[in-house]
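When we follow this note's numbering, the leftmost residue of the sequence shown carries the number -12, and every step to the right adds one. Cβ coordinates follow ideal geometry from the N, Cα and C atoms, glycine included. What follows is one structure encoded as structure tokens, with my remarks underneath.
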Amino acid sequence: MTADNNATVRGHAAVLDIANLDTDQIMPKQFLRGIDKSGLAPGLLYDLRFDGAGQPREDFVLNQPAFAGTDVLLAGSNYGCGSSREHAVWGMQQYGFRAVVASSFGEIFYSNAMNNRLLLAMVTEADAQVFMHEARAAAGPLAIEIDVAQRQVRTAGHSAPFTISERHRRMFLDGLDVIGASLTYRDRIDAFAAQLWAAQPWVRDVARLMRDRLGA
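Next comes the structure, spelled out in structure tokens:
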């Protein structure tokens, strides 16, 4: 996938039309043994990609050679429901996905994804089905464009608006993660802190002062 000034992302899509695919299926618990977020790509959608003997399922779309470079997922409704598992987002990104198009998403997964700059484009169920039909009819991955500035998902055969909050839209357009977005309010944060410390000076640096007092 490529990006033009963070406003438009272009890639190739595969269909995973499974409703209510939860975060444990996206990233099974046995792959959460590390103390950081690295090395998660092998676990992505593991039970869909592999059989009980650990052999790749030949009929699964991402195991087919034509879809090796897929970076956009056309997913079923309520994608990413279930528990809060940010590893599901990290695993998708490490595998190579940059965006998911679906009619609805699990609420916590949506926040985790957007805060980590995995773009989720929420379209109507009717539009989702049109995109999936077009993708199934294609010889390989479907070329797709997601225009964040205009809130549009486009393919050669269809165009549809998608829902995104203005906060998340600005984060993508400005190339910011959630920390970067917070720091755009640095002047207001500093002003609030100065006002608070002027009114209650005893709360300023209280943790450091206590540590120094204890000789830590």
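{"query": "How many angstroms separate the CA atom of L60 from the CA atom of Y172?", "result": "34 Å"}
{"query": "Is E37 helix, strand or coil when you go by DSSP?", "result": "For clarity, residue 37 is Phe in the given sequence; the question names Glu instead. DSSP places F37 in strand when its eight states are reduced to three."}
{"query": "Out of A89, A185, Y82, which one is the CA nearest neighbour of C68?", "result": "A89"}
{"query": "Assess, as a yes-or-no matter, whether the region 0 to 16 is touched by the region 40 to 60 under the definition of 3 or more beta carbon pairs within less than 8 Å.", "result": "yes"}
{"query": "With DSSP run on the structure shown, which of helix, strand or coil describes P148?", "result": "strand"}
{"query": "For G21, tell me which candidate among Q81, L201, D46, H74 has the shortest Cα-Cα distance.", "result": "H74"}
{"query": "Which residues mark the beginning and the end of the alpha helix (DSSP H) in which A185 is found?", "result": "173 to 186"}
{"query": "Between the region 5 to 16 and the region 28 to 43, do at least 3 Cβ pairs fall closer than 8 Å?", "result": "yes"}
{"query": "Measuring CB atoms only, is the region 103 to 111 touching the region 151 to 166, in the sense that at least three cross pairs come out at less than 8 Å?", "result": "yes"}
{"query": "Three or more beta-carbon pairs under 8 Å between the region 109 to 121 and the region 136 to 153, yes or no?", "result": "yes"}
{"query": "Ordered along the chain, which non-local residues of its own chain (more than five positions away) have a Cβ less than 7 Å from that of L27?", "result": "M14, F18, H74, W77, G78, Q81"}
{"query": "For F96, count neighbouring Cβ atoms within 10 angstroms of its own Cβ and tell me buried if that reaches 16, exposed if not.", "result": "buried"}
{"query": "Provide the residue span of the beta strand (DSSP E) that contains L61, from first to last.", "result": "59 to 62"}
{"query": "Just curious, the alpha helix (DSSP H) that A122 is in, first and last residue?", "result": "112 to 124"}
{"query": "Buried or exposed: V135, going by 16 or more other Cβ atoms within 10 Å of its Cβ?", "result": "buried"}
{"query": "In whole angstroms, what is the alpha-carbon distance linking G41 and E132?", "result": "34 Å"}
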